Amino acid sequence: MPLDALALALGAAVLHAAWNLLLARERDTEAALAVALLALVATIALPAALTWRVDGAAVPYIVGSAVLELVYVALLAAAYRRWELSLVYPVARGLAPALALLLAAAVGAARPSPLGAAGVLVVAVGVLLVRGARGDLHGFLFGLVIAGVIAGYTIVDRYGIQHAAAGPYLLLVMLGPAVAYALAVGRRRVRTAASPTTFAVGAASASAYLLALLALRLASAPAVAAVRETSVVIATVFAAVFLHERVSPARLGGAVLVAGGVALLAFS
Numbered sequence: 002m003p004l005d006a007l008a009l010a011l012g013a014a015v016l017h018a019a020w021n022l023l024l025a026r027e028r029d030t031e032a033a034l035a036v037a038l039l040a041l042v043a044t045i046a047l048p049a050a051l052t053w054r055v056d057g058a059a060v061p062y063i064v065g066s067a068v069l070e071l072v073y074v075a076l077l078a079a080a081y082r083r084w085e086l087s088l089v090y091p092v093a094r095g096l097a098p099a100l101a102l103l104l105a106a107a108v109g110a111a112r113p114s115p116l117g118a119a120g121v122l123v124v125a126v127g128v129l130l131v132r133g134a135r136g137d138l139h140g141f142l143f144g145l146v147i148a149g150v151i152a153g154y155t156i157v158d159r160y161g162i163q164h165a166a167a168g169p170y171l172l173l174v175m176l177g178p179a180v181a182y183a184l185a186v187g188r189r190r191v192r193t194a195a196s197p198t199t200f201a202v203g204a205a206s207a208s209a210y211l212l213a214l215l216a217l218r219l220a221s222a223p224a225v226a227a228v229r230e231t232s233v234v235i236a237t238v239f240a241a242v243f244l245h246e247r248v249s250p251a252r253l254g255g256a257v258l259v260a261g262g263v264a265l266l267a268f269s
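Printed below as a string of structure tokens:
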């Protein structure tokens with residue numbers, strides 16, 4: 002993997018972990034995420050317009066992905082309001098690729114390789130360590146549901162992106178959820194939450210996506226995906242350092258296993 006591609010993929014991982022950290026620190030996570038989504042749409046609007054290409058065949062995928070994204074952001078904000086970043090993030094981000102593979106296999110769209118099966122097993126062990134023997138079951142289950150939603154829109158996007166350029170596709174997918182979620186949260190709460198931090202969450206989210214796309218131009222998709230999943234470990238460290246969460250050695254080790262398991266899935 003070229004060093005410039007490695008740097009871009011690591012940058013995407015750090016930014017993804019960072020915007021989740023910033024969101025988890027907010028008092029009103031729902032309003033903060035509403036502002037961030039509007040900022041994300043504003044950030045990608047011009048690049049999307051300059052690279053516009055959307056075929057009619059993309060429309061069903063855009064609609065389906067938008068619905069799943071709306072569910073995802075609502076669940077994510079609610080999860081960070083109730084539970085720790087070091088629990089929710091590794092479970093949601095780590096289990097999503099494994100669930101996507103299992104869903105694809107269930108409908109006959111993919112056949113897991115031995116390496117993929119090993120990756121699923123490693124992720125499962127890592128997630129159990131993240132939760133811990135006496136961990137919060139409700140938070141764990143919430144993370145599991147979020148992972149299922151991520152897996153769903155990942156599968157939809159895998160087909161949808163074949164019919165549109167990446168920027169316009171992302172813009173059209175996120176525009177509806179951004180507006181709908183802001184309206185649901187309410188104008189007063191959104192105005193109160195508007196700040197440099199919440200705008201940074203949206204900009205960091207868009208930038209992480211852009212860096213990942215740039216990395217994909219220089220290296221293979223499995224290699225980029227594997228490096229990006231270091232965000233699971235990075236977010237766990239961020240939670241301990243900046244949020245002062247009690248991250249046990251077992252939870253940190255579980256996060257490392259989750260990242261390693263997803264790397265195996267990426268190369269399967």
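The working numbering applies: residue 2 is where the sequence shown begins, and numbers increase by one.
C-beta: ideal position from N, C-alpha, C; glycine also.
Computed from a prediction, not measured in an experiment: that's the story for all the values here.
- With respect to the C-alpha of A226, the residue from S249, A260, L88 and L104 having the closest C-alpha is A260.
- Rounded to the nearest angstrom, the Cβ distance from A67 to L100 is 20 angstroms, too far for a contact under 8 angstroms.
- Bounds of the alpha helix (DSSP H) holding L23 are L4 to R26.
- Counted as a single uninterrupted DSSP element, the stretch harbouring G57 is not any alpha helix (DSSP H), since DSSP gives it neither H nor E.
- For the pair S206 and L41, the CB atoms are nearer than the 8 angstroms cut-off.
- CA-CA distance, L24 to V146, rounds to 19 angstroms.
- The DSSP-derived three-state label of A267 is helix.
- In the DSSP assignment, A165 forms a beta bridge with V55.
- G144 sits in a helix when the DSSP states are folded into three classes.
- By the C-beta criterion, the segment 83 to 94 is judged to be in contact with the segment 124 to 139, since at least 3 inter-stretch pairs fall below 8 angstroms.
- In this structure T231 is buried. Its beta-carbon is surrounded by 16 or more other beta-carbon atoms within 10 angstroms.
- Taking C-beta atoms under 8 angstroms as the contact rule, A80 and F143 qualify, at a distance of about 5 angstroms.
- Shown here, S196 sits in coil according to DSSP, grouped into three states, outside any helix or strand.
- The three-state secondary structure of S114, taken from DSSP, is coil.
- Taken atom to atom, the span from the alpha-carbon of V157 to that of A18 is near 23 angstroms.
- With respect to A216, T52 sits apart: the two C-beta atoms are not nearer than 8 angstroms.
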